[in-house]
Amino acid sequence: MNSSNKRLRFRFNTQVLVFALVLISIPWLSYRFVAETRVFMIEGQTQAQEQLARGIVTLFQGRDDLLAELPYLDSQQVVFSHPLIGTAKVDGYTNEWLDYQLFAKYFGAGEDSEDGYSLLLGEKDDRIYGLVRIQDDKTVLRVKGTSRLDVSDHLRLTLPDRNGNKRRLVMVATASGAMEVWYVKDDWSTAQYVRPSSSFIIQAVMRPLVDGYLVEFALPNYFLNQRQEFGLAVADVDSEDGTMRHLKTLVGADTTIESHFNLLAMRAPEANRILSSLSRSDSQVVIYDNHLQVRASVGQVSPVTSEKIKPQGILERIQSWLNKGLDWFIAIPAYLNPVQAASQERDLLNRALDKKFVSGRWHKGPTEQILAVAAPIVDQEGELLGVVLIKQSTAQILGLQRRAMENIALLSFSTMLTILLVLLLFSWRQAMRIRRLGKEAQHIVDPDGRLRTNRLYNEIRAGDEIGDLARSFSGVVARLHEHQAFMNTMPRTLRHEVNNPLNAAMTSLENLQMHGVIEGQQRYIDSTQRGLVKISGIVEKLADAANLEEALHEDELEPINLYHLLKTYVHHQNPGTVEDVEDVMFEAENQAIYVAGVDYRIEQLLDKLLDNARDFRTSGSIITLRLYQQDYDCYLEVENSGPTIPEGLLAGLFNSMVSARAAGAGHAHFGLGLYVVRLISQFHGGSVSAHNLTRPEGVMFRIRLPILLV
Amino acid sequence: MAKHIIIVEDDQDQRDNYQFALEQRGYQVTAYAGKDEAESGIKLQRPDLVILDIIMHDNIDAGFQLCAALLKIHPELPVLFLTERIGEIDRILGLRMGAWDYQPKPVSLDFLAEKVATLVRLSDIRVVSAETNDQKVKDIGHLQLLEESRQAKWQGQEILGLTLTEFRMIEALTRRPGNILTYDTLAQATHQHYVSNNTISTHIRNIKRKIKLIDAGFDSIKSEYGMGYRWSER
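Protein chains in written order, with my numbering: chain A, 1 to 710; chain B, 1 to 234.
If you want it as structure tokens, here you go:
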């Protein structure tokens, strides 16, 4: 087998696809570039944070007045408010509180006590927000229309105004969701007004929990007096008759909340003012006192993100899919949950309390990282006053990176798609052109190997390399066609060119004889004439073979009994000889087989096959002529024992001027006999094949002819 | 008076040989080497027979063109094509143009002289016969052979377009009806030095075709495959 057949073959389109895959490296390289840029930018951001922290520390150095501004009273519990970030909603959910959950204050018997509660306070936009998580094994809701307000679970809020008068508010739930807020009289059970307070001013929402319920509320800043005092108590009513089981206040044992107001520690105004000049949209600066209570803060860690809009158009959908893929590609695999993040922050602050300048970094979400720097603030004696914490989200950088990646992804995707389409289109077109050219090249030669035309028609006018190839090939075809035409006309030309001098020579010899020849010269004249006749015979044979195809068109097919024809033919091949030895043996069933044919052409075919068999048979052996019918065909076989035909010659044996004989072997042979056999077989709608026989060694020629169906 | 034969042949050797051979046999021979000079010469005086080559110099149809021109002037002029163009198409074309016979080269001068004599005699006989309608007729079944005018009739109708070679073949076949005539025997009727079996078969096919124009059921010529042909009475 040819070694080239084993070679891997890639079609044109496959090559283009492989090439297109290489294009994928472009977005990958871009991603690497963007990732490196991100690292560089985050490093820069950290350094900027550190510089800022040092600056703030310098600003607050020795300013114990700022951090110790709030008078602390031993008798009053201080609850610190935290700056809420993002959209603060009174909805019963804790999204806005996630960062401060570790700062929740627990009241009651203990953190795990069944009747305790926790409180978180926050501030945003001149409003005070509260989140109260109450542990209660049985939540009793207020029945609407009931006049008493203290027969169900409720929250009591006391707010002394600037004139020393006390405002008493009861927040009570009738169902999960918005709560009623009532101004009540001194007895906490009778409403002061007919209707509850407007929810536009004071909002409160209750949401049941597995182990109790949660209340989130908000009220304006101006409800507080200068000392920012307030009192909060949770009334737990479990009994069926509505008697209060327990009243939990901020100061655990005292149930008279009027005498023990709590203080709401707001941020220090001066410190806030100083910090506000450092306000940045993408970072949060928080000043803690040495009790790690927030005294001032500006900015927010994460920029407000707009809600995702559902993609509408196809392009937007493609972009959305790409983004999802991108999220998967650039997502930080492991990130901390909010509790863990808060623990990290707490840890950082604790280390800063040890007067260490520390920085940290933690993941907040799949696409966000928090960079934090904590620096201690000390007075002139070196005593710790507080801690400054600067938190900054990498969301902006990551956002930039993401946008860059999105752009790269979209650009790369569309570019690759375009290039791929163009390449596929290009390769498809080129492949089509080459295939068309190949197809034409295949059809340019008939089954007998002869050219049907003298030129190519496809791609001849193309200006590229395929056009060059087509033109070159067309040129070769033209040359071959000329050669073929020459070969076709050669026997006729030869006959014309030979016959004239041959005729001149022969007629000259005759005239010479007419003049009279000297005795003894006649035999030379005879010898010359014999030679000339032989030349004439050769030329005739060549011309006959060359003209055969043309001559066959003149013949008319008629029904022939092939059995009779062959039987007669073989009979005449075996004239009664003295030795009575058969030359040709005929094997056939005694049955007429009709074919549409020309009898003398079949006779001519038999002449050629028998001449051939006689030339090659083992001396004295009999030639077998066989006829049989199979389905709609009949087969005529001529078999002789003798040398076999070399395998290499079998395929082209029936072409013109192909001979298996050695040069100079006896009579003149031009390899036309089997060519004539093929032409006649094909003219009769049949075919011819040659087969080597092994036992005994010999050759068999088989002619297939379609039988005439009557 | 010697019969006047015109030979038109561009090859001088052949031309001289034909001329010599025919003159030796008592003919008056005028030889031309080209079409134009021959046409001018023949216009002056009508010959008894014209022998034409077909390919002359660079003109491959010179003989045909000359034949057409001569027959226009002398429609009854016997024309014999003596040529190396022996394709079936050429043969048919030549005979359809009105030539009396078509002889392929190489030719035996004896055969040529005999053919010339026959054609001249035929020309004379046809003129006379047309006037007297008196010649020897050989009957073989439905076939009639008018030996002097070299004409044949089947069922009383003249077999049209029969060449001298074909007439001679029919004559040979009917000499002993029922007997097989081998290819070699039939080859002698062609007046050629070398004749293949296929050439004989082609002549026989043409004879059958011409008779079948009169009688579609004609099958008196039987093939003896591998040997020759036989005339068989119905």
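Every residue gets a Cβ at the ideal spot worked out from N, C-alpha and C, and that includes glycine.
_glutamate 381 of chain A versus tyrosine 193 of chain A - alpha carbon distance_ = Answer to the nearest angstrom: the Cα atoms are 57 Å apart.
*What beta strand (DSSP E) runs, 3 residues minimum, are completely inside the stretch 583-657 of chain A?*
584-588, 594-597, 623-630 and 633-641
_Can you tell me which residues form a DSSP beta bridge with glycine 299 of chain A?_
Answer by DSSP bridge pairing, in chain order: A:Gln284.
*asked:* I'd like to know whether the C-beta of glutamate 603 of chain A is nearer than 8 Å to at least one C-beta of chain B.
replied: yes
*Ordered along the chain, which non-local residues of its own chain (more than five positions away) have a Cβ less than 6 Å from that of arginine 46 of chain B?*
Cβ neighbours of arginine 46 of chain B beyond the five flanking positions: His74.
*In its own chain, which residues sit with a C-beta less than 8 Å from the C-beta of leucine 143 of chain B, not counting the 5 before and 5 after it?*
Closer than 8 Å at the Cβ level, and outside the excluded window around leucine 143 of chain B, lie Ala152, Lys153, Trp154, Ile170, Thr174 and Ser220.
*Below 8 Å on the Cβ atoms is my guess for asparagine 511 of chain A versus proline 106 of chain B; work out the distance and round it to an integer in Å.*
At roughly 14 Å, the Cβ-Cβ gap does not stay under 8 Å, so asparagine 511 of chain A and proline 106 of chain B are not in contact.
*In chain order, which alpha helix (DSSP H) runs of at least 4 residues are fully inside the stretch 133-217 of chain B?*
164-173, 183-187 and 197-212
*Mind checking the stretch 39-59 of chain B against chain A and listing, in chain order, the residues whose C-beta falls within less than 8 Å of any C-beta there?*
Ile55
*Is there at least one Cβ from chain B nearer than 8 Å to histidine 684 of chain A's Cβ?*
Not one chain B Cβ lies under 8 Å of histidine 684 of chain A.
*Given a cut-off of 8 Å, decide if proline 559 of chain A and leucine 708 of chain A are closer than it, judged by their beta-carbon atoms.*
yes
_Check whether chain B comes within 8 Å of aspartate 526 of chain A, counting only Cβ atoms and requiring the distance to be less than that._
Using beta-carbon distances, aspartate 526 of chain A does not count as an interface residue toward chain B, since no partner is under 8 Å.
_I want to verify the contact list: residues of chain A whose CB lies under 9 Å from the CB of serine 223 of chain B, in sequence order._
Leu565, Thr568, Asp599, Tyr600 and Glu603
*Are the C-beta atoms of glutamate 558 of chain A and some chain B residue less than 8 Å apart?*
no
_Any C-beta of chain B under 8 Å from that of methionine 506 of chain A_ = yes
_I want to know whether the stretch 516-527 of chain A touches the stretch 465-473 of chain A - three or more CB-CB distances under 8 Å._
In short, these stretches do not touch, since the Cβ pair count stays below three.
*Residues of its chain near methionine 1 of chain A, where Cβ-Cβ distance is below 7 Å and the 5 sequence neighbours each way are ignored*: At methionine 1 of chain A, the pLDDT of 40 sits below 50, so the modelled position is not reliable and the matter cannot be decided from this model.
_Residues that serine 536 of chain A contacts on chain B, provided the C-beta gap is smaller than 7 Å_ = Within chain B, the residues near serine 536 of chain A are Pro106, His193 and Tyr194.
_Comparing C-alpha positions only, which one of B:Asp139, B:Leu22 and B:Ala187 sits nearest to isoleucine 51 of chain B?_
B:Leu22
_Inter-stretch contact at 8 Å, needing at least 3 Cβ pairs: the stretch 589-598 of chain A / the stretch 607-623 of chain A_ = no
*Closer than 8 Å by C-beta to aspartate 11 of chain B: which residues in its own chain qualify, once you throw out the five before and the five after it? Chain order, please.*
So the qualifying residues of the chain are Asp53.
*With respect to the alpha helix (DSSP H) encompassing asparagine 17 of chain B, which residues constitute its N-terminal and C-terminal limits?*
12-24
*If we cut at 8 Å on Cβ distances, does valine 533 of chain A have a partner in chain B?*
It does; some Cβ of chain B falls within 8 Å.
*Inspect the CB distances between the stretch 34-53 of chain A and the stretch 391-399 of chain A and report whether three or more fall short of 8 Å.*
yes
*asked:* Tell me which residue opens and which closes the alpha helix (DSSP H) that tryptophan 740 of chain A is part of.
replied: With chain A represented from 1 up to 710, any question about residue 740 of chain A goes unanswered, as that position is not in the structure.
*asked:* When you compare the CB positions of asparagine 499 of chain A and valine 539 of chain A, do they come within less than 8 Å of one another, or not?
replied: yes
*Ignore the nearest five residues each way along the sequence and tell me which others in glutamate 39 of chain B's own chain have a CB closer than 8 Å to its CB.*
Leu66, Ala69 and Leu70
*Note the first and the last residue of the continuous alpha helix (DSSP H) segment covering lysine 391 of chain A.*
Note, lysine 391 of chain A: premise wrong, no alpha helix (DSSP H); beta strand (DSSP E) at 384-393.
*Should lysine 356 of chain A and serine 393 of chain A be called a contact, given that it needs their Cβ atoms to be closer than 8 Å?*
no
*As assigned by DSSP and simplified to three states, the class of serine 412 of chain A*: helix
*Any residues in the stretch 483-495 of chain A with a beta carbon nearer than 7 Å to a beta carbon of chain B? Which ones, in chain order?*
Arg495
*Buried or exposed: asparagine 198 of chain B, going by 16 or more other Cβ atoms within 10 Å of its Cβ?*
buried
*Output yes or no for whether 8 Å exceeds the beta carbon distance between leucine 156 of chain A and tryptophan 182 of chain A.*
A small correction: the amino acid at residue 156 of chain A is arginine; leucine does not occupy that position in the sequence shown. No. Outside cutoff.
*In chain A, which residues lie less than 7 Å from glutamate 88 of chain B when you measure between Cβ atoms?*
The answer, in chain order, is Ala551 and Glu554.
*Answer yes or no: does any C-beta atom of chain A fall closer than 8 Å to that of methionine 169 of chain B?*
no
*Which of helix, strand or coil does DSSP assign to aspartate 112 of chain A?*
Per-residue confidence for aspartate 112 of chain A stands at a pLDDT of 49, beneath the threshold of 50, marking its modelled position as unreliable; the derived number appears in the next sentence. Looking at aspartate 112 of chain A - three-state DSSP - the assignment turns out to be coil, as it is neither helix nor strand.
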